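Numbering (the numbering used here), first residue to last: 10 to 109.
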C-alpha cells in the first residue's frame, strides 16, 4: 500500500520484497540492486522485449517535448498578481532612489 501511494518507494519495495518472493534472492556482489532487472530479461519473449524498446523510445522522445501545463486557480492568480505589484513597487522605488 505504501508503494502505491508513494511511487518513489515502489522500486525499493519491489526489488527488496516482491521480486525476491517470486524469483529468489536479489543479492549482487556489491549489494547493489540497480542492475538486477538485467538478470530477468531472459524471462521476456522477443515480442515483449520489442514492445518495451518501443515504449522506452516513445518515453525518451516524449521527454524532449514535455511541458508543464495547468489551469491556475484563484489563489495562484492572486499570488502572481501580488508578485507583479511588488516587483513594480520595487522598480518604482529604485527609480526614485536614482533621482534623489
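C-beta: ideal position from N, C-alpha, C; glycine also.
Fair warning: this is a prediction, and the values are worked out from it, not measured in the lab.
Reference residue i; option with closest CA among the options
{"i": "residue 32", "options": "46, 20, 19", "result": "46"}
{"i": "residue 25", "options": "14, 16, 35", "result": "35"}
{"i": "residue 48", "options": "68, 29, 88", "result": "29"}
Where the alpha helix (DSSP H) through residue i begins and ends
{"i": "residue 31", "result": "28-32"}
{"i": "residue 79", "result": "Taken as a continuous stretch (DSSP letters only), residue 79 belongs to no alpha helix (DSSP H), as it is neither H nor E."}
{"i": "residue 19", "result": "19-22"}
{"i": "residue 66", "result": "55-74"}
{"i": "residue 47", "result": "45-48"}
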